[in-house]
Ligand code: HEC
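Numbering (the numbering used here), first residue to last: 790 to 892.
Here's what the structure looks like:
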């Protein structure tokens with residue numbers, strides 16, 4: 790039969806890029822933005838002159854702007870009504886660490 794690849798090498802099994810909870814824009818970030826941010830940051834009248842309607846806009850605000858700081862800013866939070874649960878904010882940290890995966 791020649792089943793020479795029938796095992797998983799230790800280093801692949803234990804290294805982070807292969808874990809199952811990778812966060813992507815489509816899998817997690819988009820919904821959080823839709824539910825918590827888009828009412829104030831969309832086309833008609835974007836608050837702070839910031840649009841968060843698509844991948845490129847959200848990535849740019851996270852990578853080059855203050856999005857990550859503001860969702861964790863106790864005294865000046867986004868959304869303005871108060872910090873989101875830490876479980877939701879943790880998805881953003883993971884997303885940054887994984888280099889802003891889209892899908
Ligand atoms: C109720 C309306 C409202 C909601 C909801 C809201 N924002 Fe904002 N946002 C504002 C306003 C008003 C400003 C401009 C004043 C300021 O910076 O505090 C702003 C500014 C910002 C800025 C700074 C922009 C800049 O370049 O100075 C970021 C980043 C931001 N929002 C991200 C978010 C994110 C991410 C969410 C959702 C998690 C969110 N906001 C939800 C009203 C809102």
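For glycine and all other residues, C-beta sits at the position ideal for the given N, C-alpha and C.
Check: Between 816, 817, 833, 839, which lies nearest to residue 867 when the distance is taken from Cα to Cα?; Outcome: 839
Check: I'd like the list of long-range same chain contacts for residue 831, defined as Cβ closer than 7 Å, with 5 residues on each side in sequence excluded.; Outcome: 840, 842
Check: Under DSSP, the alpha helix (DSSP H) around residue 825 begins and ends at which residues?; Outcome: 819-825
Check: Identify, in the order they occur along the chain, each residue of the same chain with its Cβ nearer than 7 Å to the Cβ of residue 845, setting aside the five sequence neighbours on each side.; Outcome: none
Check: Decide if residue 875 is buried, meaning its Cβ has at least 16 other Cβ atoms within 10 Å, or exposed.; Outcome: exposed
Check: Taking 7 Å as the cut-off, is the CB of residue 850 close to at least one heavy atom of the ligand HEC?; Outcome: yes
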